[in-house]
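A short write-up of the structure that comes next.
Residue numbers (this note's numbering): 15 to 904.
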């Protein structure tokens, strides 16, 4: 590079321009900095002041100014006549929107087009364009006024319900947002292109949106999947078909999605084989010019090589008159008159021609959803629930401000009435004071000092005609005061209680539905892509393995059945850093695994969604499989397998959770019907409390809760009353100081065997019949006799006789033990030795790894010989009966 070129570049980089500040002082500014700031200012101006709607009222500034200006000038739906659109445009431009007249007019016209908006805001007279893409007539010819639908957007605007700001000339106030009694953004959508971003939000059916809002008001924690039941898809003003559901679901969950729209078409007059006939198109995709559609179809019919050879002729018999043919144009609630007839050649199949039209013409189009709106003046991408929540928050704020306005007004009137009552009690003296005063000001001063009145009260008295003052009816004033006090109390109650405000919103929504609710126009058609992928996966048994290091995988069960026993024994398992299978269980591919964490959250995942691997594969970290687990620092405390049939017949099925403090929480399984990978709160815990166990129970099951000090309590599941999700629960067992719950199992038959394992490698099985049923909340009975020899209890379970156990120590030693080889003995014993431990080593966990034939990674070990002393039962009744049969729910 030459020196001259370098000098030129340096000159450009250091080029400056002059800037004049508010005081008229000129200062140099780098051109680069000035360009950057100017561009940012321009971009933000376009984003916030032109292109994007406010999430609260769903309007851009130009639309908001049009509606407010028409309301302010009295051009509402109740006006006796419409006014020239030129007058509306001039008023808006002169008072609030100093931009081009045509931009205002086009915005006004669009608010009146029933093919653009699902619910129109302007009652228009004259040519307002057409679905063919025609321009509207000049504004000097057309007339308009507000539609009743728009009046709902401005209800109570004079009651200080929204913030007002000065207009561009600072001689008028304009609203920063409208009260919006109607969820305008959700029902009419919006589109706009800003600098570096755009929005494209679809319209919806008013009834469906209202139902979704009411469901959210009733349950603020409602999930998007549940909302979709109320709002299944957009509802376009031009009707048509919505082909497939996945696009809408994606948009509702993420704010982005693509909906496939199809024209509504009917095949008629074909012969017996389906040949010939006509295709009659009556509804077309949203925002599609009918004229352009017909032209494209005609081009395809004329193209002999790459077109559609089966088209004989195309006729456009569309009109915008009503179906009865009266000649009256459709209003904003009417359907668009589309009728395109495609004549199929005699030897071609109409069904084939229609499919070709869907594929090759705009008869099938896509609508890209991008839910971008302004939240507190900043653009944000919003999902369905967020859009509803922001609207609800806005309406709550409007109702609060309206109530406060009415309360202030009622208080002011009550204050005046108090003064009038005083005047009515002293009519003669008041008249004498007024007559004897030099002027009105002197009369007010005297009245204030004589009767301890405020300036407002004295003015109200002096402003009254003398005749009214002498004939004042004290009873009427007292009745008015009584009514005012009742009104004030009611208004204060509304301000204090959210449920009162919610009730008002619900009443408003019911009224809106009664006035404007209509049936869905766009028909939802399930596409091939809507077939649940689960339906394509065989419902076969899978073996799920979870390792100590947190890896998880699934493997087909028959893979294990074809393997012989490997006899790998204890190889490589003495190091703390070695990984090994800690938990192994069998489930169907269509089952759901519910993972409960120590912090009281539950995550759900289908078995087939787990990473698949062969027997030697490590799997994937569970934090990468379960969304949010890694960020929250939670640990899996328990898992429950639930089948599809369980969810479908969940009336008598319950999830029971237990904490280390002895609290149990029983919830109906249907509370988890919408469980997903990102999880939900299952149980409310104190800061120092942890979840230790969760089980799936039936109503006739029993629960056995065991503590570290060797106590246990058995009680029927129904003793713990059913509660909702994210609640604290009730006391299951009362613990002594320093003790804690280590596990919980469900059991039903008295011949089931409860396995207990202690930290020093001891364990035993005891028949359930030995645990007599007590009340929930007691201290329990002896489960195992703990001592220095066997140590604290670390786990309790009820495995099948054919299962194997994995016993893991803190030094990384594991042993696999056959359940059948563990002695069945009484409760009040220390158990038998299950494994020999090195000095200082302790058992930290025990896992049921299923049937002995399902895994061969660790060789089953022989149990040590039992010490006869371990099998002796202590007959001291004080040691055995330590239970406290209480039913405390603290």
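Even for Gly, the Cβ is constructed at its ideal location relative to N, Cα and C. Here the structure is a predicted model, which means the values were calculated and not measured.
- For residue 719, the enclosing beta strand (DSSP E) covers residues 716-721.
- Our two residues, residue 434 and residue 533, have alpha carbons roughly 55 angstroms apart in a direct line.
- Taking one beta carbon from each stretch, the region 509-516 and the region 100-120 have fewer than 3 pairs nearer than 8 angstroms; the two do not touch.
- In the DSSP secondary-structure assignment, residue 207 is bridged to 212.
- With contact defined as three or more Cβ pairs closer than 8 angstroms, the region 555-567 and the region 623-643 are in contact.
- It is roughly 13 angstroms from the alpha-carbon of residue 854 to the alpha-carbon of residue 827.
- Residue state for residue 361 is assigned as coil, using DSSP reduced to three classes.
- The three-state reading of DSSP puts residue 280 in strand, counting E and B together.
- In this model, residue 787 and residue 796 are separated by some 13 angstroms (Cα to Cα).
- Taking a 10 Å sphere around the C-beta of residue 155, we find fewer than 16 other C-beta atoms and assign the residue as exposed.
- Per the C-alpha coordinates, the member of 117, 205 and 230 positioned closest to residue 523 is 230.
- Residues of the same chain with a CB within less than 7 angstroms of the CB of residue 310, apart from the 5 flanking positions on each side, are 375 and 376 in chain order.
- Selection 634, 610, 409 and 621 evaluated against residue 599 yields 621 as nearest (Cα-Cα).
- Here residue 499 carries a helix assignment [DSSP, helix/strand/coil].
- Judged by DSSP secondary structure, residue 307 falls within the alpha helix (DSSP H) whose first and last residues are 304-316.
- For residue 616, the enclosing beta strand (DSSP E) begins and ends at 615-620.
- By the Cβ rule, the region 79-99 does not count as touching the region 210-217, because fewer than three pairs are nearer than 8 angstroms.
- Distance check between residue 697 and each of 713, 679, 179 and 825 places 679 closest, using alpha-carbon atoms only.
- Take residue 417, set aside five residues on each side of it, and the residues of its chain with a beta-carbon closer than 6 angstroms to its own are 505, 508 and 509, in chain order.
- Around the C-beta of residue 354, 16 or more other C-beta atoms lie within 10 Å, and the residue is accordingly described as buried.
- Here DSSP, grouped into helix, strand and coil, assigns residue 493 to helix.
- If you draw a straight line from the Cα of residue 365 to the Cα of residue 201, it comes to about 34 angstroms.
- The DSSP assignment places 220-232 and 238-244 as complete runs of the alpha helix (DSSP H) inside the region 212-255, in order along the chain (cut-off: 4 residues).
- Where residue 425 is concerned, the enclosing alpha helix (DSSP H) starts and stops at 398-439.
- In the DSSP assignment, no residue is bridged to residue 104.
- Assignment of beta-bridge partners to residue 859 by DSSP yields 822.
- Nearest Cα to residue 554 within the set 467, 643 and 657: 657.
- Around the Cβ of residue 777, a 10 Å sphere holds 16 or more other Cβ atoms; the residue is buried.
- Counting C-beta pairs with one atom in each stretch, the region 269-277 and the region 218-229 have fewer than three that are closer than 8 angstroms, which means they do not touch.
- The region 673-740 is shown to contain whole beta strand (DSSP E) runs of 3 or more residues at 677-682, 705-712, 716-721 and 725-730, in chain order.
- Inclusion of residue 313 and residue 321 in the CB contact set at 9 angstroms is warranted, their separation being smaller than that value.
- Minimum Cα-Cα distance from residue 615 among the listed residues 452, 732 and 694 corresponds to 694.
- Here residue 747 is actually not in contact with residue 807; their C-beta atoms are around 13 angstroms apart, not less than 8 angstroms.
- Ranked by Cα distance from residue 783, the options 774, 792 and 768 are led by 768.
- In this structure, the alpha-carbon of residue 773 lies about 10 angstroms from that of residue 860.
- Under the DSSP assignment, residue 658 falls in the alpha helix (DSSP H) whose first and last residues are 658-662.
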